[in-house]
């Protein structure tokens with residue numbers, strides 16, 4: 180079933196200018212008397228409106244551009260409008276929906292085209308995703324700037340898939356591959372990757388087991404774990420008791436040392452006062468004082484002498500007491516220091532014994548843990564081995580299914596190769612200029628002006644192969660912009676254009692843009708020649724906007 184474009188309308192909303200081009204359902208030549216009249220913009224806009232990303236020139240990128248396209252498919256008339264990345268769809272004149280992104284619109288296109296292409300993206304997980312609309316149109320479009328090179332890329336933003344995946348998309352169009360192939364192919368690759376990972380893991384486990392086993396063989400001992408645990412517990416309790424005694428002894432020692440310091444200080448003060456000379460005082464004789472208790476009368480000088488004698492005796496007595504206390508504290512301190520040192524040595528002995536017991540116990544624990552690790556690693560090796568067997572069995576079943584796809588792919592490619600060889604010869608390309616074997620989507624390496632002719636031969640060979648191998652699948656118009664590139668001489672350029680405009684192997688609509696070939700095209704039946712006569716670098720026109728203003732306004736209100 181062929182999708183046929185009847186017209187493309189482009190609107191500059193800011194300046195209120197527009198351009199509409201109508202196409203024949205068969206062959207079309209878009210031409211002009213000189214360059215820079217907008218042929219490439221028109222060609223790019225066809226598949227851009229249908230969701231592909233194209234290489235617009237900067238002046239067009241700056242426009243507030245609305246495009247809409249009318250096409251027929253399966254006895255239905257569709258209109259698709261695009262404004263930036265928003266799409267509006269009509270079916271048979273009835274509004275069908277507004278889609279806010281290319282991805283949303285692509286879901287609807289899958290239903291309309293009855294075609295879905297899933298490919299594996301280049302992300303780390305190799306996610307299977309639905310390809311963007313550009314992959315529907317890729318085999319049918321050649322862009323002027325980027326489509327004629329050896330590694331051609333007529334659409335932009337397709338790098339999320341690598342080249343093998345892009346080539347696989349061609350075989351979806353040929354009816355060879357489907358989404359089931361993508362799923363099982365990815366599963367087969369995932370199985371292989373997982374098998375390699377599990378095998379490497381088994382090798383690592385075996386190396387660790389060998390090392391651990393060597394360590395265990397070097398340790399020949401038996402353990403009474405209950406006795407070790409009791410000994411460890413007993414020594415821990417004894418260490419706790421000694422620590423408490425050390426604390427008490429230290430406190431008593433500190434107190435005795437503090438008391439000693441205080442007594443020493445007091446002794447020094449007493450000694451200072453005892454040795455201090457009291458100056459002689461002149462006492463006045465004859466002065467008397469009466470005792471209040473007995474009534475006896477004494478001389479004043481006698482009272483003063485008694486006080487001096489009493490004070491000296493009291494200081495000597497205090498000095499004697501302090502000296503005795505100092506000796507006693509010194510003896511006590513020596514005793515406490517000996518006790519403290521003995522406790523410290525006992526603590527060290529117990530800690531040493533506890534360390535030895537713990538080392539022995541830890542050795543046992545480690546050996547027990549090592550045995551457990553050996554068991555776990557052995558179990559893991561067993562699991563990995565069984566998982567490898569399961570994956571290999573699954574891969575064997577997958578490979579049987581993939582072999583069916585491979586066989587069909589080879590058969591279809593044989594048909595394609597025959598068509599390509601015939602077309603290369605028809606376009607005067609020597610057989611020694613290109614590879615003898617290739618697949619659809621493979622870039623042919625050809626020198627100079629052979630390149631564009633190879634590209635045309637590939638495109639026509641593809642649509643002819645599709646017509647014979649998958650006649651029920653959708654096909655799209657062949658949109659070919661400026662085949663007069665890379666110094667094509669007039670003879671070969673005419674051969675290319677004639678081949679395209681006389682193509683009768685399939686019923687695909689063909690739209691060719693070329694500044695040359697108008698005279699030749701006029702001699703071929705059923706070719707519509709569309710000649711642009713607008714001013715240079717000014718494709719749009721205000722009169723055409725006025726003509727379609729009501730239609731444009733109605734579409735614009737749906738966004």
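In the working numbering, the protein residues as written are 180 to 738.
Just so it is clear, CB atoms sit at the ideal spot from N, CA and C, and this is done for glycine as well.
**Prompt:** Closest to residue 416 by CA distance: which of 526, 590, 195 and 706 is it?
**Reply:** Against the chain shown, residue 416 aligns to sequence position 237. Closest option to residue 416, Cα to Cα, is 526.
**Whole alpha helix (DSSP H) elements within the region 338-394, 4-residue minimum** = 342-352
**Message:** Short of 8 Å in beta carbon distance, which residues of its chain neighbour residue 428, apart from the five on each side in sequence? Order them along the chain.
**Reply:** Within the chain shown, numbered from 1, the residue matching residue 428 stands at position 249. Once the five neighbours on either side are set aside, the close Cβ partners of residue 428 are 515, 518, 519 and 522.
**Message:** Which residue marks the beginning of the beta strand (DSSP E) containing residue 655, and which one marks its end?
**Reply:** Locating residue 655 in the chain shown gives position 476, counting from the first residue. Run containing residue 655: none; DSSP gives neither H nor E here.
**Prompt:** Are the beta-carbon atoms belonging to residue 245 and residue 192 less than 8 Å from one another?
**Reply:** For the purposes of this step, residue 245 is taken as the residue at position 66 of the chain shown. For the purposes of this step, residue 192 is taken as the residue at position 13 of the chain shown. For residue 245 and residue 192, yes; Cβs fall inside 8 Å.
**Message:** Can you find the residues in the same chain that come closer than 6 Å, C-beta to C-beta, to residue 574, ignoring five residues on each side of it along the sequence?
**Reply:** Numbered from 1 along the chain shown, position 395 holds the residue referred to as residue 574. Excluding residues within five positions, the ones whose Cβ falls inside 6 Å are 367 and 370.
**Request:** Please go through the same chain and pick out, in chain order, the residues whose beta-carbon is closer than 6 Å to the beta-carbon of residue 459, but skip the five residues on each side of it.
**Result:** Your numbering for residue 459 matches position 280 in the chain shown. Its pLDDT being 48, under 50, residue 459 is placed unreliably by the model, and the measurement read from it follows with that caveat. Contacts found: none.
**Message:** Out of 186, 556, 230 and 274, which one is the CA nearest neighbour of residue 733?
**Reply:** As a working note, residue 733 is residue 554 in the chain shown. Nearest of 186, 556, 230 and 274 to residue 733, Cα basis: 274.
**Item:** Closest by C-alpha distance to residue 248, when choosing among 719, 307, 187 and 300
**Value:** Here the question's residue 248 lines up with position 69 in the chain shown. Taking only the C-alpha atoms, the option nearest residue 248 is 187.
**Prompt:** The beta strand (DSSP E) spanning residue 189 covers which residue range?
**Reply:** The sequence position of residue 189 within the chain shown is 10, counting from 1. Unbroken beta strand (DSSP E) run through residue 189: 183-191.
**Item:** Spatial neighbours of residue 584 in its chain, beta-carbon cut-off 6 Å, leaving aside the 5 residues before and after
**Value:** Taking the chain shown and counting its residues from 1, the one referred to as residue 584 is at position 405. Close CB contacts of residue 584 within its chain, under the 6 Å cut and outside five residues either way in sequence, are with 360 (chain order).
**Request:** Classify residue 321 as buried or exposed, calling it buried when 16 or more other Cβ atoms lie within 10 Å of its own Cβ.
**Result:** Stepping through the chain shown from its first residue, residue 321 is reached at position 142. With 16 or more Cβ atoms within 10 Å of its Cβ, residue 321 is classed as buried.
**Asked** Looking only at its own chain, which residues have a Cβ that is under 7 Å from the Cβ of residue 269, when we skip the five neighbours before and after it?
**Response** Your numbering for residue 269 matches position 90 in the chain shown. Contacts found: 257, 258 and 275.
**Request:** Would you kindly check if the distance between the Cβ of residue 324 and the Cβ of residue 226 is under 8 Å?
**Result:** Along the chain shown, one-based indexing puts residue 226 at 47. Along the chain shown, one-based indexing puts residue 324 at 145. No, Cβ-Cβ distance for residue 226 and residue 324 is not below 8 Å.
**Request:** Between the Cα of residue 348 and those of 327, 319 and 326, spot the shortest distance and give me the residue it belongs to.
**Result:** Locating residue 348 in the chain shown gives position 169, counting from the first residue. Ranking the options by Cα distance to residue 348, first place goes to 319.
**Prompt:** In chain order, what residues of the same chain lie with their CB nearer than 7 Å to the CB of residue 563, ignoring the 5 residues before and after it?
**Reply:** What you label residue 563 is simply residue 384 of the chain shown in a count that begins at 1. Correct list, in chain order: 377, 380 and 381.
**Request:** Under 8 Å Cβ to Cβ from residue 697, same chain only, skipping five residues before and after it: list those, please.
**Result:** Position 518 of the chain shown, counted from the start, is the residue given in the question as residue 697. 208, 210, 708 and 710, listed in sequence order.
**Prompt:** What are the boundary residues of the alpha helix (DSSP H) that residue 226 is part of?
**Reply:** Mapped onto the chain shown, residue 226 falls at position 47. Run containing residue 226: 218-228, per the alpha helix (DSSP H) assignment.
**Request:** Following the continuous beta strand (DSSP E) through residue 258, name the residue where it begins and the one where it ends.
**Result:** Within the chain shown, numbered from 1, the residue matching residue 258 stands at position 79. Looking at the DSSP string, the run of the beta strand (DSSP E) that includes residue 258 is 255-262.
**Message:** Alpha carbons only, please: which of 715, 242, 621 and 495 is nearest the one belonging to residue 445?
**Reply:** Position 266 of the chain shown holds residue 445. Of the listed residues, the one whose Cα sits closest to residue 445 is 495.
**Prompt:** Where in the region 620-703 do unbroken runs of the beta strand (DSSP E), each at least 3 residues long, occur, reported from the N-terminal end onward?
**Reply:** 657-660 and 689-692
**Asked** Is DSSP giving residue 497 helix, strand or coil here?
**Response** Locating residue 497 in the chain shown gives position 318, counting from the first residue. Correct three-state label for residue 497: helix.
**Three-state secondary structure assigned by DSSP to residue 231** = Against the chain shown, residue 231 aligns to sequence position 52. Three-state DSSP puts residue 231 in coil, outside helix and strand.
**Asked** With burial defined as no fewer than 16 other Cβ atoms inside 10 Å of the residue's Cβ, what is the status of residue 473: buried or exposed?
**Response** Sequence index remark: in the chain shown, residue 473 carries index 294 (1-based). It is exposed - the Cβ of residue 473 has fewer than 16 other Cβ atoms within 10 Å.
**Cβ pair count under 8 Å reaching 3, the region 690-704 against the region 214-229** = yes
**Message:** Below 8 Å, how does it come out for the region 609-620 and the region 652-666: are there three or more Cβ pairs, yes or no?
**Reply:** Output reads no: the region 652-666 does not touch the region 609-620.
**Prompt:** Opposite residue 712 in the DSSP bridges: which residues?
**Reply:** Stepping through the chain shown from its first residue, residue 712 is reached at position 533. Looking at the DSSP assignment, residue 712 forms no beta bridge with any residue, so it has no partner.
**Message:** Once DSSP output is grouped into helix, strand and coil, what is the label at residue 310?
**Reply:** In the chain shown, residue 310 corresponds to position 131, counting from 1. Looking at residue 310 - three-state DSSP - the assignment turns out to be coil, as it is neither helix nor strand.
**Request:** Tell whether a beta-carbon distance below 8 Å holds between residue 295 and residue 358.
**Result:** The residue labelled residue 295 in the question sits at position 116 within the chain shown. The residue labelled residue 358 in the question sits at position 179 within the chain shown. Closer than 8 Å, so yes.
**Request:** Quick one: give me the first and last residue of the alpha helix (DSSP H) that residue 724 is part of.
**Result:** As a working note, residue 724 is residue 545 in the chain shown. Start and end: 721-726.
**Asked** Rounded C-beta distance between residue 685 and residue 642? I'm assuming under 8 Å.
**Response** Indexing the chain shown from 1 puts residue 685 at position 506. Indexing the chain shown from 1 puts residue 642 at position 463. Going by Cβ atoms, the distance from residue 685 to residue 642 rounds to 5 Å, so yes, they are a contact pair.
**Request:** Tell me whether the beta-carbon of residue 735 lies closer than 8 Å to the beta-carbon of residue 265.
**Result:** Here residue 735 is taken as the residue at index 556 of the chain shown, counted from 1. Here residue 265 is taken as the residue at index 86 of the chain shown, counted from 1. For residue 735 and residue 265, no; Cβs fall outside 8 Å.
**Asked** How close, in whole Å, do the beta carbons of residue 384 and residue 559 come, if the pair is a contact with beta carbons under 8 Å?
**Response** Indexing the chain shown from 1 puts residue 384 at position 205. Indexing the chain shown from 1 puts residue 559 at position 380. Right, their Cβ atoms sit about 6 Å apart.
**Message:** Spatial neighbours of residue 594 within its chain, please: C-beta separation below 8 Å, excluding the five flanking residues on both sides.
**Reply:** Residue numbering aside, residue 594 sits at position 415 when the chain shown is read from its first letter. Setting aside the 5 residues that flank it on each side, residue 594 is surrounded in the same chain by 644, 647 and 648, each with a C-beta closer than 8 Å to its C-beta; the list follows chain order.
**Prompt:** Can you give the beta carbon distance from residue 204 to residue 612, rounded, assuming they're within the 8 Å contact cut?
**Reply:** Sequence index remark: in the chain shown, residue 204 carries index 25 (1-based). Sequence index remark: in the chain shown, residue 612 carries index 433 (1-based). Actually they are not in contact, since the Cβ atoms of residue 204 and residue 612 sit about 35 Å apart, beyond 8 Å.
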